[in-house]
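Down below is the structure, laid out as structure tokens.
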Amino acid sequence: MGGEENDPPYEGEIVYKDDMGVICRCWNWREAQRTMLTEQTKRAFLCMESIDDTRHEALHQALEELACLIQRHLGGTVKKHLLDARHSEIPIID
């Protein structure tokens, strides 16, 4: 984020993207300037990742805690989805 150059993902790299392009890459480390959160943000896409199958319950707990914090402190509405190799995409519809 903040870079001036186009920095496309590597072949086979996991990315989060929409119809306009990549939102973030490098396991949610490299984010796009056009989708950064600001004080004016009204809609957001947030993601958490876990590649350790033994931490599945911890991921669920973290997702639930984040959802509660968003609702309590920001008045937001939360939709949660879990993706994996068999379920690798979801539509985000207005």
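Everything in the sequence shown is counted per our numbering, starting at 3 for the first residue and increasing by one. Glycine residues also receive a C-beta, built at the ideal position from the N, C-alpha and C atoms. The model shown is predicted, which means the values in this text are computed figures rather than measured ones.
Using only CA atoms, which one of the options lies nearest to residue i?
i: Lys82; options: His75, Glu67, Asp21 and Arg88; result: Glu67
i: Asp21; options: Glu15, Thr37 and Gly14; result: Thr37
i: Glu59; options: Leu84, Gln35 and Gln42; result: Leu84
DSSP on residue i, reduced to helix/strand/coil?
i: Ile72; result: helix
i: Arg27; result: strand
i: Asp54; result: coil
Return the chain-ordered list of same chain residues with a C-beta closer than 7 Å to the C-beta of residue i, the five sequence neighbours on each side being excluded.
i: Tyr12; result: none
i: Ala46; result: Leu39
i: Lys19; result: Ile25
Answer with buried or exposed for residue i, where buried requires no fewer than 16 other C-beta atoms within 10 angstroms of its C-beta.
i: Arg74; result: exposed
i: Glu27; result: With the sequence shown as reference, residue 27 is identified as Arg, and Glu is not the correct amino acid for it. Classification of Arg27: buried, given that the 10 Å Cβ count is 16 or more.
Excluding sequence positions up to five away, which residues of its chain have a Cβ less than 6 Å from the Cβ of residue i?
i: Ile72; result: Gly78 and Val80
Tell me, please, whether the CB atom of residue i is closer than 9 Å to any CB atom in chain B?
i: Ile16; result: Checking the listed chains, one finds no chain B in this structure; it contains a single protein chain.
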